[in-house]
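The sequence shown begins at 514 in this note's numbering and counts up by one.
Beta carbons are placed, not taken as given, at the ideal position from N, Cα and C, and that holds for glycine.
Keep in mind that this is a model prediction, so the values were computed, not measured.
A short write-up of the structure that comes next.
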Amino acid sequence: LQFFTVPYLRIPLILDFFANGDPGRLVALKTKSLQLIVDAAMFEPGMWKPSDFFEQVTEIPIVSEDKLQAMLSTPLGTLFNEIAKSPDVLVSCVIKMLERAVDMDVGKYTEKSSSGPLILYTSRLAVRIEGFLKFALRKCNTPGQPRPRGLEFMENTKVEKAVKDLRRTLDDKVIPMLEYWIDPVRCKSVDMSNLVHAHLIYLFKNYTYEEFDYRSVSVLLSSQVFLSINHRFSSKAYDDLADSSDPSKPP
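And the structure:
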(Lines of atoms letter the chains of each structure in order from A and count residues from 1; the text may use other names and numbers.)
(Lines give C-alpha, C1' and ligand atoms only; values in the text may rest on other atoms or scores of the structure.)
Protein backbone atom coordinates (compact mmCIF):
# COMPACT_ATOMS: atom_id res chain seq x y z
CA LEU A 1 0.00 0.00 0.00
CA GLN A 2 2.96 2.34 0.53
CA PHE A 3 3.58 2.29 -3.25
CA PHE A 4 0.38 4.27 -3.78
CA THR A 5 1.72 7.13 -1.64
CA VAL A 6 4.45 7.90 -4.20
CA PRO A 7 2.53 8.86 -7.36
CA TYR A 8 5.60 9.70 -9.43
CA LEU A 9 7.15 6.25 -8.87
CA ARG A 10 4.09 4.08 -8.38
CA ILE A 11 4.11 2.52 -11.86
CA PRO A 12 7.62 0.98 -11.78
CA LEU A 13 7.24 0.04 -8.11
CA ILE A 14 3.94 -1.77 -8.63
CA LEU A 15 5.07 -3.56 -11.79
CA ASP A 16 8.32 -4.65 -10.15
CA PHE A 17 6.36 -5.91 -7.13
CA PHE A 18 4.34 -8.31 -9.30
CA ALA A 19 7.09 -9.16 -11.80
CA ASN A 20 9.66 -10.27 -9.24
CA GLY A 21 9.75 -12.02 -5.90
CA ASP A 22 7.13 -14.39 -4.55
CA PRO A 23 4.94 -15.86 -7.34
CA GLY A 24 2.01 -15.57 -4.96
CA ARG A 25 2.02 -11.83 -5.60
CA LEU A 26 1.32 -12.36 -9.27
CA VAL A 27 -1.29 -15.04 -8.60
CA ALA A 28 -3.22 -12.50 -6.54
CA LEU A 29 -3.94 -10.61 -9.76
CA LYS A 30 -6.57 -13.21 -10.62
CA THR A 31 -9.02 -11.25 -8.44
CA LYS A 32 -11.03 -8.51 -10.12
CA SER A 33 -10.73 -6.08 -7.21
CA LEU A 34 -6.91 -6.12 -7.33
CA GLN A 35 -6.98 -5.81 -11.12
CA LEU A 36 -9.03 -2.63 -10.73
CA ILE A 37 -6.49 -1.18 -8.30
CA VAL A 38 -3.54 -1.96 -10.59
CA ASP A 39 -5.37 -0.55 -13.62
CA ALA A 40 -6.13 2.65 -11.73
CA ALA A 41 -2.50 3.00 -10.63
CA MET A 42 -1.26 2.38 -14.16
CA PHE A 43 -3.65 4.36 -16.32
CA GLU A 44 -5.01 7.24 -14.25
CA PRO A 45 -3.07 10.25 -15.57
CA GLY A 46 -2.70 12.16 -12.31
CA MET A 47 -2.43 15.94 -12.08
CA TRP A 48 -1.83 17.88 -15.28
CA LYS A 49 1.14 20.25 -15.58
CA PRO A 50 0.34 23.45 -17.53
CA SER A 51 2.78 24.76 -20.11
CA ASP A 52 3.60 27.85 -18.05
CA PHE A 53 4.67 25.89 -14.94
CA PHE A 54 8.44 26.18 -14.45
CA GLU A 55 8.84 25.98 -10.68
CA GLN A 56 11.81 23.95 -9.44
CA VAL A 57 12.35 21.98 -6.23
CA THR A 58 14.16 24.28 -3.79
CA GLU A 59 13.58 22.43 -0.51
CA ILE A 60 13.29 18.83 0.64
CA PRO A 61 10.91 17.73 1.98
CA ILE A 62 8.18 19.85 0.43
CA VAL A 63 5.82 20.61 3.30
CA SER A 64 2.92 22.04 1.32
CA GLU A 65 0.75 19.25 -0.08
CA ASP A 66 -0.55 21.46 -2.89
CA LYS A 67 2.97 22.39 -3.94
CA LEU A 68 4.06 18.76 -3.77
CA GLN A 69 1.23 17.64 -6.04
CA ALA A 70 2.01 20.45 -8.48
CA MET A 71 5.69 19.47 -8.60
CA LEU A 72 4.76 15.84 -9.33
CA SER A 73 2.33 16.72 -12.12
CA THR A 74 3.03 15.71 -15.73
CA PRO A 75 2.06 17.14 -19.14
CA LEU A 76 0.64 13.87 -20.54
CA GLY A 77 0.05 11.65 -17.53
CA THR A 78 2.24 9.39 -15.45
CA LEU A 79 2.29 6.49 -17.91
CA PHE A 80 3.48 8.63 -20.80
CA ASN A 81 6.04 10.15 -18.44
CA GLU A 82 7.30 6.63 -17.69
CA ILE A 83 7.44 5.82 -21.41
CA ALA A 84 9.46 8.96 -22.08
CA LYS A 85 11.91 8.36 -19.22
CA SER A 86 12.36 4.58 -18.91
CA PRO A 87 10.35 2.50 -21.41
CA ASP A 88 12.72 -0.45 -21.11
CA VAL A 89 12.05 -0.86 -17.38
CA LEU A 90 8.31 -0.54 -17.91
CA VAL A 91 8.08 -3.12 -20.67
CA SER A 92 10.56 -5.57 -19.15
CA CYS A 93 8.37 -5.84 -16.05
CA VAL A 94 5.20 -6.31 -18.11
CA ILE A 95 6.87 -8.99 -20.22
CA LYS A 96 8.12 -10.79 -17.13
CA MET A 97 4.63 -10.71 -15.60
CA LEU A 98 3.22 -12.12 -18.84
CA GLU A 99 5.84 -14.86 -19.10
CA ARG A 100 5.40 -15.92 -15.47
CA ALA A 101 1.65 -16.03 -15.95
CA VAL A 102 2.01 -18.16 -19.10
CA ASP A 103 4.27 -20.57 -17.20
CA MET A 104 1.33 -21.26 -14.87
CA ASP A 105 -0.86 -22.46 -17.76
CA VAL A 106 -2.65 -25.74 -17.07
CA GLY A 107 -3.59 -26.39 -20.69
CA LYS A 108 -7.09 -24.93 -20.64
CA TYR A 109 -9.14 -22.12 -19.20
CA THR A 110 -10.99 -23.01 -16.02
CA GLU A 111 -12.67 -20.68 -13.57
CA LYS A 112 -11.41 -22.75 -10.63
CA SER A 113 -7.77 -22.32 -11.65
CA SER A 114 -5.98 -19.05 -10.97
CA SER A 115 -3.93 -19.30 -14.15
CA GLY A 116 -6.79 -18.60 -16.56
CA PRO A 117 -8.00 -15.22 -15.23
CA LEU A 118 -4.39 -14.23 -14.50
CA ILE A 119 -3.19 -14.93 -18.04
CA LEU A 120 -6.12 -13.08 -19.59
CA TYR A 121 -5.56 -10.04 -17.36
CA THR A 122 -1.82 -9.80 -17.99
CA SER A 123 -2.52 -10.14 -21.72
CA ARG A 124 -4.97 -7.25 -21.60
CA LEU A 125 -2.50 -5.21 -19.59
CA ALA A 126 0.25 -5.84 -22.14
CA VAL A 127 -2.00 -4.82 -25.04
CA ARG A 128 -3.00 -1.60 -23.29
CA ILE A 129 0.65 -0.74 -22.61
CA GLU A 130 1.46 -1.50 -26.25
CA GLY A 131 -1.21 0.99 -27.29
CA PHE A 132 0.39 3.77 -25.25
CA LEU A 133 3.85 2.93 -26.65
CA LYS A 134 2.62 2.99 -30.25
CA PHE A 135 0.75 6.26 -29.73
CA ALA A 136 3.91 7.89 -28.35
CA LEU A 137 5.95 6.63 -31.30
CA ARG A 138 3.38 7.83 -33.81
CA LYS A 139 3.30 11.30 -32.31
CA CYS A 140 7.10 11.54 -32.16
CA ASN A 141 7.70 10.22 -35.70
CA THR A 142 5.36 12.51 -37.64
CA PRO A 143 7.46 14.49 -40.15
CA GLY A 144 7.08 18.24 -39.87
CA GLN A 145 5.23 18.06 -36.56
CA PRO A 146 6.76 19.03 -33.20
CA ARG A 147 6.81 16.43 -30.47
CA PRO A 148 4.06 16.65 -27.84
CA ARG A 149 4.97 18.35 -24.61
CA GLY A 150 6.31 15.72 -22.24
CA LEU A 151 7.76 13.51 -24.99
CA GLU A 152 10.44 15.93 -26.22
CA PHE A 153 13.31 13.73 -24.99
CA MET A 154 11.82 10.29 -25.57
CA GLU A 155 14.30 7.87 -27.14
CA ASN A 156 12.49 6.40 -30.14
CA THR A 157 14.89 3.48 -30.49
CA LYS A 158 14.17 2.31 -26.94
CA VAL A 159 10.43 2.56 -27.42
CA GLU A 160 10.58 0.78 -30.78
CA LYS A 161 12.54 -2.07 -29.20
CA ALA A 162 10.07 -2.22 -26.32
CA VAL A 163 7.13 -2.49 -28.75
CA LYS A 164 8.84 -5.28 -30.69
CA ASP A 165 9.71 -7.24 -27.53
CA LEU A 166 6.19 -6.93 -26.18
CA ARG A 167 4.57 -7.94 -29.47
CA ARG A 168 6.95 -10.88 -29.86
CA THR A 169 5.90 -12.21 -26.46
CA LEU A 170 2.21 -11.89 -27.34
CA ASP A 171 2.66 -13.50 -30.76
CA ASP A 172 4.94 -16.36 -29.71
CA LYS A 173 3.52 -17.31 -26.32
CA VAL A 174 0.06 -15.93 -25.71
CA ILE A 175 -1.75 -16.36 -29.04
CA PRO A 176 -0.76 -20.05 -29.54
CA MET A 177 -1.79 -20.80 -25.97
CA LEU A 178 -5.24 -19.18 -26.37
CA GLU A 179 -5.76 -21.01 -29.66
CA TYR A 180 -4.90 -24.25 -27.84
CA TRP A 181 -7.47 -23.45 -25.16
CA ILE A 182 -10.35 -23.13 -27.62
CA ASP A 183 -9.72 -26.46 -29.33
CA PRO A 184 -13.15 -28.17 -29.25
CA VAL A 185 -11.53 -31.33 -27.93
CA ARG A 186 -10.52 -29.53 -24.70
CA CYS A 187 -13.09 -26.77 -24.36
CA LYS A 188 -16.72 -27.86 -24.15
CA SER A 189 -18.05 -24.60 -22.69
CA VAL A 190 -19.36 -22.10 -25.22
CA ASP A 191 -19.14 -19.25 -22.71
CA MET A 192 -15.46 -19.91 -22.04
CA SER A 193 -14.78 -20.18 -25.76
CA ASN A 194 -16.49 -16.82 -26.24
CA LEU A 195 -14.28 -15.31 -23.56
CA VAL A 196 -11.07 -16.59 -25.13
CA HIS A 197 -12.13 -15.62 -28.66
CA ALA A 198 -12.84 -12.09 -27.43
CA HIS A 199 -9.32 -11.90 -26.01
CA LEU A 200 -7.83 -13.18 -29.25
CA ILE A 201 -9.50 -10.28 -31.05
CA TYR A 202 -8.30 -7.85 -28.39
CA LEU A 203 -4.68 -8.92 -28.86
CA PHE A 204 -4.72 -7.29 -32.30
CA LYS A 205 -6.30 -4.06 -31.03
CA ASN A 206 -3.23 -1.93 -31.83
CA TYR A 207 -2.50 -3.29 -35.30
CA THR A 208 -2.30 -0.80 -38.14
CA TYR A 209 -3.34 -1.58 -41.71
CA GLU A 210 0.27 -2.25 -42.72
CA GLU A 211 0.80 -4.74 -39.90
CA PHE A 212 -2.05 -7.09 -40.77
CA ASP A 213 -0.96 -10.43 -42.21
CA TYR A 214 -2.53 -13.80 -42.91
CA ARG A 215 -2.34 -14.93 -39.29
CA SER A 216 -3.86 -11.81 -37.75
CA VAL A 217 -6.67 -11.56 -40.30
CA SER A 218 -7.56 -15.24 -39.98
CA VAL A 219 -7.66 -15.04 -36.18
CA LEU A 220 -9.78 -11.89 -36.26
CA LEU A 221 -12.26 -13.26 -38.78
CA SER A 222 -12.63 -16.70 -37.22
CA SER A 223 -13.07 -15.27 -33.71
CA GLN A 224 -15.54 -12.66 -34.95
CA VAL A 225 -17.62 -15.30 -36.73
CA PHE A 226 -17.57 -17.54 -33.65
CA LEU A 227 -18.75 -14.70 -31.40
CA SER A 228 -21.41 -13.61 -33.86
CA ILE A 229 -22.90 -17.10 -33.82
CA ASN A 230 -22.46 -18.09 -30.19
CA HIS A 231 -22.49 -14.92 -28.09
CA ARG A 232 -25.65 -13.03 -27.26
CA PHE A 233 -24.68 -9.36 -27.30
CA SER A 234 -26.52 -7.15 -24.83
CA SER A 235 -27.85 -3.67 -25.56
CA LYS A 236 -27.24 -2.62 -21.95
CA ALA A 237 -24.53 -0.12 -21.13
CA TYR A 238 -21.42 -1.99 -20.06
CA ASP A 239 -18.66 -0.68 -17.83
CA ASP A 240 -15.47 -2.59 -18.50
CA LEU A 241 -13.73 -1.64 -15.26
CA ALA A 242 -16.57 -2.58 -12.95
CA ASP A 243 -17.58 -5.61 -15.05
CA SER A 244 -21.18 -4.56 -14.58
CA SER A 245 -23.88 -2.44 -16.14
CA ASP A 246 -23.85 -0.35 -12.96
CA PRO A 247 -20.45 1.31 -12.33
CA SER A 248 -21.56 2.27 -8.81
CA LYS A 249 -21.57 -1.40 -7.79
CA PRO A 250 -18.07 -2.85 -8.33
CA PRO A 251 -17.51 -6.57 -7.77
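How is the alpha helix (DSSP H) around residue i delimited, first residue to last?
{"i": "E673", "result": "669 to 682"}
{"i": "N707", "result": "703 to 715"}
{"i": "I524", "result": "523 to 532"}
{"i": "E643", "result": "628 to 653"}
{"i": "C606", "result": "600 to 616"}
{"i": "F556", "result": "545 to 556"}
{"i": "E692", "result": "688 to 694"}
Could you round the C-beta distance between residue i and residue j to whole angstroms and report it? I think they count as a contact, below 8 Å.
{"i": "P600", "j": "A532", "result": "Actually they do not touch by this definition, with Cβ atoms about 15 Å apart."}
{"i": "F530", "j": "R538", "result": "6 Å"}
{"i": "L589", "j": "P661", "result": "6 Å"}
Tell me which same chain residues have a C-beta within less than 7 Å of the C-beta of residue i, skipping the five on either side of it?
{"i": "A649", "result": "F593, I596, L664, M667, V672"}
{"i": "E632", "result": "The residue asked about is misnamed: residue 632 is Ile in this sequence, not Glu. Answer for I632: A614, V615, D618, listed in chain order."}
{"i": "K621", "result": "W694, R699, C700"}
Rounded to whole angstroms, what's the CA-CA distance from residue i to residue j? Just pull it up for me.
{"i": "Y727", "j": "T571", "result": "57 Å"}
{"i": "A755", "j": "A554", "result": "For A755, the predicted structure reports a pLDDT of 47, less than 50, and the residue's modelled location is therefore unreliable. The matter cannot be settled from this model."}
{"i": "S706", "j": "T655", "result": "40 Å"}
{"i": "G644", "j": "D535", "result": "29 Å"}
{"i": "L716", "j": "P659", "result": "31 Å"}
{"i": "P574", "j": "V607", "result": "32 Å"}
{"i": "E692", "j": "D684", "result": "11 Å"}
{"i": "H744", "j": "D704", "result": "8 Å"}
{"i": "S546", "j": "H712", "result": "20 Å"}
{"i": "T623", "j": "L542", "result": "16 Å"}
{"i": "V540", "j": "I642", "result": "20 Å"}
{"i": "I714", "j": "S702", "result": "19 Å"}
{"i": "R637", "j": "V687", "result": "11 Å"}
{"i": "K625", "j": "Q548", "result": "18 Å"}
From the DSSP secondary-structure annotation, give me the bridge partner or partners of residue i.
{"i": "T587", "result": "W561"}
Might you give, ordered along the chain, the residues of its own chain that have their beta carbon closer than 6 Å to the beta carbon of residue i, omitting 5 neighbours on each side?
{"i": "L611", "result": "T635, A639, T682"}
{"i": "F739", "result": "H710"}
{"i": "Q569", "result": "none"}
{"i": "L528", "result": "C606"}
Give me, in chain order, the residues of the same chain whose beta-carbon lies closer than 8 Å to that of residue i; leave out the 5 immediate sequence neighbours on both sides.
{"i": "K609", "result": "A532, N533"}
{"i": "L646", "result": "I596, P600, V604, V672, A675, V676, L679"}
{"i": "T587", "result": "P558, G559, M560, W561, K562, F593, N594, G663"}
{"i": "S729", "result": "F717, Y720"}
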